[in-house]
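Enquirer: Residues 20 to 147 in the working numbering are what the sequence shown lists, from first letter to last. Yeah, the Cβ is synthetic: ideal placement off N, Cα and C, and Gly gets one too.
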Amino acid sequence: LQAATQLSEPMDVFNALNVDDQHQLKIDEFCNGIWKLATSKASIEVQRMEKQVSVMFTRLKNIEASIESEKERTRYSVRKLDLLANGQAMMQKTLISIQAQLHRMQMPQSSTGNGMPSRPASPHGTGA
20 LQAATQLSEP
30 MDVFNALNVD
40 DQHQLKIDEF
50 CNGIWKLATS
60 KASIEVQRME
70 KQVSVMFTRL
80 KNIEASIESE
90 KERTRYSVRK
100 LDLLANGQAM
110 MQKTLISIQA
120 QLHRMQMPQS
130 STGNGMPSRP
140 ASPHGTGA
């Protein structure tokens, strides 16, 4: 192994295989890594960089998927806020209409048609 990999220390072998900085190796990851190191014509540094690029690509894909998910959640929230705003605007218009109707109901009725309240009838029935 030392002749094939040019690594003499066990930690050097571990570090060469531990490209995702998880500080642990699964058994199959270790075995496949050793096999690849021993049989590949590429240097250990090139192999490590290839593995790092692969890990970074996977992480990037995960980040991209997460961003898409957050974008969809944001779109959904914006739609809900739009619905709430439209509902609030309709409620505001309804409230204004109700207030106007109440105001008209509270105003004295005019029988003269000139906007002035009519005089109450005389107790003697003469209207004066």
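Which class does A147 belong to by DSSP, given the choice of helix, strand or coil?
Expert: Because the pLDDT of A147 is 47, which lies under 50, any placement of that residue in the model is unreliable, and the number read from its coordinates should be weighed accordingly. A147 falls in the coil class under three-state DSSP.
Enquirer: Just checking my contact of I46 with L56 at CB under 8 Å: how many whole Å lie between their CB atoms?
Expert: In fact, because the Cβ distance is near 16 Å, the residues do not count as touching under 8 Å.
Enquirer: Using the C-alpha atoms, what's the distance from R92 back to E104?
Expert: According to the sequence as given, residue 104 is Ala; it is not Glu. In a straight line, the C-alpha of A104 is about 18 Å away from that of R92.
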